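Below you'll find the structure, written out as structure tokens, and then a few comments.
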Amino acid sequence: MSVCRLFLFLSVLSLIANVSTAAPPEEKLGGCTIRSEVLHGGKQEGVELVTLDNGNLEITVVPTRGMSILKVRQKDGTGEWADALGWNSPVKQMVHPSYINLDSRGGLGWLDGFNEWMVRCGLEFAGHPGTDKFTDNTGAESEMELTLHGKVGNIPAASWTTRQEGDRVVVSGIVNEQMFFGPKFKLVAEISTTAGSDTFQIRDVIVNEGSAPQEMMLLYHCNFGRPILEEGAEVVIAAESLRPMNAHAAQAIQNYHVYKQPTAGFIEEVFLAKPKTDNHDRTAVLLKNKAGDAGCTMSWSTKQLPYLTIWKNTVDERDGYVTGLEPGTCFPYNRNHERQMGRVMKLEPGREYEFAVDVQVHASSESVKASANHIRHLQGNTPPRIYGEPESDEHSTHAAEDHEHAHAEHGDAHDSHDHEHSIELTTLGNIRQVTSKFPRAGEGYFSPDDKQIVYQAYPPGYPFYQIYVQDLEGDSPRRLSPGRGRTTCAYFTRDGKRILFASAHSDPNIEATEDEARKLAAEGGRRRYQWDFDPNMEIYTCNQDGTDLKALTNSPGYDAEGSYSHDGKHIVFTSSRDGDPDLYIMDADGSNVRQITNVDGYDGGPFFSPDDKWIIFRSDRQQEHMLQLFAVSVDGKKEVQLTDDLNTVNWAPYFHPSGDYLVWTRADYSRGPSGANFDLFTMEITEEDGLLVGGDVARITDHAKADVLPVFSNDGTKLMWTSSRTEDGSSQLWIADWMRGKK
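Residue numbers (the numbering used here): 1 to 743.
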């Protein structure tokens, strides 16, 4: 045989060896089959795989890459194996760590081998690359370059074994992340299951084998593609709070839970959740497909893993269409930031620390629904507090637990003006935030006994306000509106037993309306100060638990912005039933409707005076959008204008119970809306010759953030309003003691 023919023959043999279909070694244990094999060819040369087959699930573990899990397959209805967990990464081979330079591309070399369903991030550090400080072998403070997501996922296991414990079959491996003058971690990683089960468990024990305490970070980077991930797929979480990781993600936080189709050029979105738990400190997260008949649930103890990261990367299929659900001891910021936030663990020498994640693969709508119901039960009636802005280093003065409540005490600390010398202090005392469980909340009103408030708020993941009621001294809002469609302008009946509000839940095209709103939100949201005069909006009343819903209006056009007279006999509201938004009054049962104003332009936001003789409202009849304050007698025969300055926008007037003055919202628009800021003002009110007359004006707030929609408590001792002075910049309800007596 010639040298050339021999070379060709050997090359063919080598190719055959690389794609060999010979059965890998097998072991039978506890009703399960364990197969091992070594990959050949290219960058996967020498990578060892261990597949744990329980007859229903097939879990492929990679000892060579830190005991990560490459993929999970499940038997389908025909008994054939089908992909269940995993994703189609652009990295096609199971890359051996010897081919990965973690320092490449500014510390992003970890991505050269990223294609597993589950890969651990840690242990000395995890998260973003960057610079951090450490104490070197001379005892001096030095700097080190941290690479993306640490080292443990690219350290081959020193050994792996199998065993049976009761009915569980376990694949276990030891991974050592250790160095001289550095960390000395031993990771004992276990993946276990039972025969025929649709569940498996990841259980890790980490030991600090050094003689001194050692910082440690750990994220379970679990990555999902098809068949679960698709347009319309949804993640279901129970959370105390949720925050975008950066400004880009902040623009999409309303839709954090739903997924798009593969989109070329999509920029990743990352959301950071603090999970809510049951009485045993357990929490769970579910990812389900659009149809809700396939999915995966992961559950764990928040005592071990107190945080959850949601990574959305719905790029084109060729670039790696994927989402990550990542329980962890931390968030994936650089270690320097996480340390400041109190989220970097310190492992004591010789101590063992356990972490475990239970995984269930769903193959039926019943299984998916049961998991979703369980998670919603964990969430309860209190939605997560959603921050509108990413975490900044300003927060680092608060410990991790304190951070969730820091807004209540330090909410004004970052504003540019000197609040110690604010005019607010002359009239407002004990200023405090009332709502915090929603991405946005506002327009709140007191119950007759001043013990409850009713308001509108955005439910997480839904594009329209819904109506909520809660105890003023509590923090457990209860939704009473139907849950779909736009809602607005809630108000207590005078006996406090029922609540009035406007809703468009009867919209016959509600799904299209919702889809359009979600699309607009994804593109950056509605334009500032624009209000939707939904023609499907009608006025309803219901009990405080949402039962016994009764419609009081049923007319073409917009009916909303209602409030009761002080004797409880009448309702004033805004309606466009004649083609233009005007004021109307009806009896409390919806009968005897009569028109009060009839001038071109918007008339809205009406409230009765304390003696029920007058109605104050806002109108742009002089110039579109440039709202001014007006008052009209209840019979519609007398009308006065209270503000007349087209360089300002004036709205949301509300009487003090004394009747001596009103409070309202004003902004200087002399230079246009850009940079205009709304503050609160009061105006003295007297009656002369049968007409209301406006008197002295006083400014109440001078905060750098917007203050709008003020209302007084019924006893006149409190002022409540909507403000974006919150720590995260979201609009929420605030309250203060009203320190001014009667005139």
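In this text, a Cβ means the ideal position worked out from N, Cα and C, and glycines have one as well. If you're wondering where the values come from, they're calculated on a predicted model, not measured in any experiment.
- On the three-state DSSP scale, how would you describe Q251? coil
- Task: Let me know if H377 comes out buried or exposed under the rule of 16 or more other beta-carbons within 10 Å of its beta-carbon.
- Result: exposed
- Task: Quick one: grab the DSSP three-state call for V270.
- Result: strand
- Report all residues from its chain with a CB closer than 8 angstroms to the CB of R351; omit the five preceding and five following residues, and keep chain order. V207 and N208
- Task: Please state whether DSSP places E231 in a helix, a strand or coil.
- Result: coil
- Candidates G295, R486, D702 and P332, of which the one nearest S365 by Cα: G295
- Would you grab the beta carbon distance between F783 and Y307 for me? Rounded to a whole angstrom, and I think it's under 8 angstroms. The chain is shown only over 1 to 743; residue 783 falls outside these bounds and no answer can be derived.
- Kindly indicate which three-state DSSP category P653 falls into: helix, strand or coil? Residue state, collapsed to three classes: strand.
- Message: For M720 and Y458, what's the separation of their Cα atoms in angstroms?
- Response: 19 angstroms
- Message: Can you tell me whether W160 is buried or exposed? The criterion is at least 16 other CB atoms within 10 Å of its CB, across all chains shown.
- Response: buried
- On the DSSP bridge assignment, give the partners of R594 in chain order. I585
- Task: In the DSSP assignment, find the alpha helix (DSSP H) that holds E366 and state where it starts and stops.
- Result: S365 to Q379
- Task: Just mark Q254 as buried or exposed, buried being the case when its beta carbon has 16 or more other beta carbons within 10 Å.
- Result: Buried, by the Cβ-count rule.
- Task: Say whether the segment 287-303 touches the segment 220-236, bearing in mind that this needs 3 or more beta-carbon pairs closer than 8 angstroms, one atom from each stretch.
- Result: yes
- Message: For E420, which residues in the same chain have their Cβ closer than 8 angstroms to its Cβ, ignoring the five residues on either side in sequence?
- Response: Per-residue confidence for E420 stands at a pLDDT of 42, beneath the threshold of 50, marking its modelled position as unreliable; no derived number is given.
- Query: So P390 and V357 are in contact, right, with Cβ under 8 angstroms, and what is the actual spacing, rounded?
  - Reply: About 26 angstroms; that fails the 8 angstroms criterion.
- Task: Measure the CB-CB distance between C32 and N56 and report whether it falls below 8 angstroms.
- Result: no
- H337 - containing alpha helix (DSSP H), residue span: R335 to Q340
- Check whether the Cβ atoms of Y540 and F501 lie closer than 8 angstroms to each other. Taking 8 angstroms as the Cβ cut-off, Y540 and F501 qualify as a contacting pair.
- Which residue's Cα is closest to the Cα of Y654: R671, L629, D668 and D645? L629
- Counting Cβ pairs closer than 8 angstroms, one from the segment 552-563 and one from the segment 508-518, do we hit at least three? no
- Under 6 angstroms Cβ to Cβ from L646, same chain only, skipping five residues before and after it: list those, please. Q623 and M626
- Query: Where does P448 sit, in a helix, a strand or coil, going by DSSP?
  - Reply: Coil.
- Contacting residues, own chain, Cβ-Cβ under 8 angstroms from M144 (five flanking each side not counted): T131, D132, K133 and F134
- Item | Beta-carbon proximity list for D620, same chain, < 8 angstroms, skipping 5 on both sides | G601, Y602, M626, L627 and Q628
- Message: Just to confirm before moving on: does the CB-CB distance between S563 and F608 stay below 8 angstroms?
- Response: Taking 8 angstroms as the Cβ cut-off, S563 and F608 qualify as a contacting pair.
- Message: Between V711, F446 and K28, which has its C-alpha nearest T194's C-alpha?
- Response: K28
- Out of P439, K303, A264 and M245, which has the shortest C-alpha to C-alpha gap to G729? Closest by alpha carbon: P439.
- Task: Report yes if the CB atom of C222 is closer than 8 angstroms to the CB atom of L325, and no otherwise.
- Result: One thing to note: C222 has its Cβ within 8 angstroms of the Cβ of L325.
- Measure the CB-CB distance between S565 and D612 and report whether it falls below 8 angstroms. yes
- Task: Taking only the alpha-carbon atoms, compute the straight-line gap between A284 and D679 and give it to the nearest angstrom.
- Result: 43 angstroms
- Message: With distance defined between alpha-carbon atoms, name the residue in I615, H40, V693 and P63 nearest to W173.
- Response: Before going further, note that residue 173 is Gly rather than Trp in the sequence given. When only C-alpha atoms are compared, the closest one is P63.
- Query: Around the C-beta of L425, are 16 or more other C-beta atoms found within 10 angstroms, so that it is buried, or is it exposed?
  - Reply: exposed
- Can the beta-carbon of V171 be found less than 8 angstroms from the beta-carbon of V61? yes
- Per DSSP, which one or two residues make a beta bridge with C296? L287 and V361
- Query: DSSP puts L733 in a beta bridge; with which residues?
  - Reply: Per the DSSP secondary-structure output, L733 pairs in a beta bridge with T722.
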